[in-house]
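What follows is a short report on a single structure.
Protein chains: 2
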Amino acid sequence: MIKEYLKHNFKNFEPALMEKIEQNASIKEFEPDEILMTTGQYFRSTMLVVEGRIKLYREGPEGGEFFMYYLEPGNACALSMICAAKKEASEIMAKAVEKTKVITLPIELMDDLMRNYKTWYYFVLETYRSRYEELLVVIDHIAFKGMDERLDFYLRNQVMKLQTKELKITHSEIASDLSSSREVISRLLKKMEQKGDLLLHRNYIEWLR
Amino acid sequence: MIKEYLKHNFKNFEPALMEKIEQNASIKEFEPDEILMTTGQYFRSTMLVVEGRIKLYREGPEGGEFFMYYLEPGNACALSMICAAKKEASEIMAKAVEKTKVITLPIELMDDLMRNYKTWYYFVLETYRSRYEELLVVIDHIAFKGMDERLDFYLRNQVMKLQTKELKITHSEIASDLSSSREVISRLLKKMEQKGDLLLHRNYIEWLR
DNA sequence: ACCTGGCGGTGACATTTGTCACCCTGATTG
DNA sequence: CAATCAGGGTGACAAATGTCACCGCCAGGT
């Protein structure tokens, strides 16, 4: 079972690595909106996503959920690997947005994997690199762009990641993800509707580009 | 010579690792304001800082230099390790702010080091973790705080890192680092002066807290 | 001494974003 | 049906930030 997941989502892993993981890992499931990880929490295991989708975000002082990126099947939580190895607390929130399955690996295995399986080692590096780059993109946007561009980028990203042009999301949620307020988002969305970029409906947004 | 630097700044490296590095590395020097790395550039080597200070920043569309963090002796450039290993382009700018010396390691060595030297492996993980966390702090500030708090944090950070309460920096530079404009920074600085947090002088700022 | 350029101060104003108040509508529930 | 509630629209206003214009001051060079 685990091996099937690995073959689907982690194709680059060498056979011996899959074997090793299968012998030591277990599967964990999360329901939508379930919190996988919370600020200050310690890790006991590393997680590989095989089904569903996880939202990684930063908690704001007034309960905002500033969106950073999604983890999807084939991804791993970079922090869970680093912090697991170092036994440090995480500083990030992770929440399932869909029904999600992950493979969990005990942290004790990390040294062994890192040292003896080249494909694991590359996978870890690639995970770090891509997450780091995602943060850079986030920084670019909040540092250099206005809310209108950020909203546009956010929506395009959602359409792409969720594979649908009908975004079931409320204005308040968007506001929270962008650390803004509902009214501002509503106004900007209206402008985009007038430009013909999208259609506003109750409870969902129809993307037209 | 290299071994001396390693002993000073990378105390945790095991002796055999220092030996190995010494046999393969070379020293490179940079003058103040010299660019070490630029957006889109490829790496041929990994860098360990042994002297001076490097500013890591993100380039804005109008030439802004959005400050992320400094690299100091004992640090390494996380991206140079990841990108080196993966032969990918960097997406970040690095500039020496003082006369700076770095040890450069050919990327071909990375696999070997990673696999055979536990202290290297831990060092790399710790480097990733701490850089990632620094980005998180940056994101927190631009996402949730106003310019006044960001400025305060920026100045405290400079005082701490540069080990001096006399910051030789112009208002324009601060504005660029925070992706704001000189006038705004000048006004906020004036307010802070009125509160008694600092004294404004020509070409430098005297921190009083 | 004079010129010049970089630094910084400042008022006026535009723009963007946040906040408040209040309303409307559609869905749900008892 | 009436009551309720979440989602959303909107105008008025406040606050923060960006922009422009222009000024003065100091230091270095000639």
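In the order they appear, the protein sequences are chains R and Z.
Be aware that the first sequence starts at 207, since it is given in our numbering, and climbs by one per residue.
Be aware that the second sequence starts at 207, since it is given in our numbering, and climbs by one per residue.
Note that CB positions come from ideal geometry on N, CA and C, so glycine has one too.
Since the model is a prediction, treat every value here as computed from it, not as a measurement.
| query | result |
| --- | --- |
| What residues of chain Z sit near R:R321, judged by a beta carbon separation below 9 Å? | M320, R321, N322, K324 and Y327 |
| Mind checking whether R:P418 and R:A300 have CB atoms under 8 Å apart? | In the structure as shown, chain R begins at 207 and stops at 415. Residue 418 of chain R is therefore absent and cannot be evaluated. |
| Under the assumption that R:D346 contacts Z:R264 (Cβ atoms under 8 Å), give the Cβ distance between them as a whole number of angstroms. | 6 Å |
| Using CA coordinates, which residue listed in R:P312, R:E379, R:R408 and R:L414 is at the minimum distance from R:N230? | R:P312 |
| Would a C-beta distance cut-off of 8 Å place Z:F273 and Z:G266 closer than the cut-off? | no |
| From this set, R:Q247, R:S286, R:Q364 and R:Y275, which residue's C-alpha is nearest Z:Y334's C-alpha? | R:S286 |
| Would you call the stretch 364 to 372 of chain R and the stretch 321 to 329 of chain Z touching, i.e. three or more CB-CB distances under 8 Å? | no |
| Give me the DSSP bridge partner(s) of R:K307. | R:E235 and R:E257 |
| Helix, strand or coil: how does DSSP classify R:S387 here? | coil |
| Since R:V255 and R:A284 are thought to touch, with beta carbons under 8 Å apart, how far apart are those beta carbons, to the nearest angstrom? | That pair is no contact at about 12 Å. |
| For chain Z, find out if any of its Cβ atoms is closer than 8 Å to the Cβ of R:R393; answer yes or no. | no |
| Comparing the C-beta of R:F272 with each C-beta of chain Z, is any distance below 8 Å? | yes |
| Does the ligand GTP have even one heavy atom less than 7 Å from the beta-carbon of Z:Y211? | The ligand GTP is absent from the structure shown, which contains no ligands of any kind. |
| Out of Z:W413, Z:L262 and Z:R408, which one is the CA nearest neighbour of Z:K401? | Z:W413 |
| Could you have a look at R:R435 and say whether DSSP puts it in helix, strand or coil? | Nothing about residue 435 of chain R can be read from this structure; chain R reaches only from 207 to 415. |
| Does DSSP put R:L414 in a helix, a strand or coil? | coil |
| At a CB-CB cut-off below 7 Å, which residues of chain R make contact with Z:V344? | I345 |
| For a quick check, are the C-beta atoms of R:I298 and R:L342 less than 8 Å apart? | no |
| For R:Y211, which of helix, strand or coil comes out of DSSP? | helix |
| Quick check on DSSP: helix, strand or coil for Z:K301? | strand |
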